[in-house]
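For reference, the structure is listed below as structure tokens.
Numbering (this note's numbering), first residue to last: 3 to 141.
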């Protein structure tokens with residue numbers, strides 16, 4: 003079973019001149035579990051928009067996005083937020099860290115919106131990304 007299935011997804015934005023500009027137009031795409039996919043393209047080509055659609059941060063203008071069998075397009079915004087917290091790991095392009103908290107505390111805060119706090123797992127995650135020796139550092 004594909005963990006991600008995209009069918010006829012389009013996303014447009016209004017340009018400064020007022021005309022609609024198509025940023026994403028994907029007739030069909032599927033990704034199997036444990037697949038590795040790289041997104042490559044020039045700045046402004048739609049890479050971040052594509053990831054934001056998959057994460058449910060944005061909604062497509064048309065089409066269907068199934069993530070683990072759930073049509074995230076049909077979910078309300080609060081339901082998409084909850085689905086993302088429980089299902090999708092997402093790292094923003096900018097840090098989005100809370101300055102008054104350590105690296106460990108920032109990870110733990112994020113966990114509170116998903117499956118719940120697990121300090122041992124938080125430490126493990128920081129170790130996996132090379133920050134194991136900086137868990138008590140502030141951003």
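Quick reminder that beta carbons are idealized off the backbone N, C-alpha and C, glycines included. Source: prediction; values computed, not measured.
Excluding the five sequence neighbours on either side, which residues of its own chain have a C-beta within less than 6 Å of the C-beta of residue i, listed in chain order?
{"i": "residue 138", "result": "104"}
{"i": "residue 47", "result": "none"}
Let me know the secondary structure DSSP gives residue i once reduced to three states.
{"i": "residue 13", "result": "strand"}
{"i": "residue 7", "result": "strand"}
{"i": "residue 34", "result": "strand"}
{"i": "residue 26", "result": "strand"}
{"i": "residue 101", "result": "coil"}
{"i": "residue 73", "result": "strand"}
{"i": "residue 83", "result": "helix"}
{"i": "residue 115", "result": "coil"}
{"i": "residue 59", "result": "coil"}
By Cβ distance, which residues of its chain are closer than 8 Å to residue i, with the 5 residues on each side in sequence left out?
{"i": "residue 102", "result": "140"}
{"i": "residue 109", "result": "124, 127, 128"}
{"i": "residue 69", "result": "5, 6, 56, 58, 85, 89, 90"}
{"i": "residue 65", "result": "8, 9, 10, 11, 12, 28, 75"}
{"i": "residue 17", "result": "23"}
Determine the burial state of residue i: buried for a count of at least 16 other Cβ atoms within 10 Å of its Cβ, exposed for fewer.
{"i": "residue 40", "result": "exposed"}
{"i": "residue 93", "result": "exposed"}
{"i": "residue 32", "result": "exposed"}
{"i": "residue 52", "result": "buried"}
So residue i and residue j are in contact, right, with Cβ under 8 Å, and what is the actual spacing, rounded?
{"i": "residue 82", "j": "residue 58", "result": "4 Å"}
{"i": "residue 25", "j": "residue 36", "result": "No, residue 25 and residue 36 are not in contact; Cβ-Cβ is about 28 Å, not under 8 Å."}
{"i": "residue 87", "j": "residue 118", "result": "Residue 87 to residue 118, Cβ: 11 Å. No contact."}
Per the DSSP calculation, residue i is bridged to which residue(s)?
{"i": "residue 68", "result": "7, 73"}
With a threshold of 7 Å on Cβ separation, who are the neighbours of residue i within its own chain once the five nearest residues in sequence on each side are excluded?
{"i": "residue 74", "result": "58, 67, 82, 85"}
{"i": "residue 49", "result": "41, 43"}
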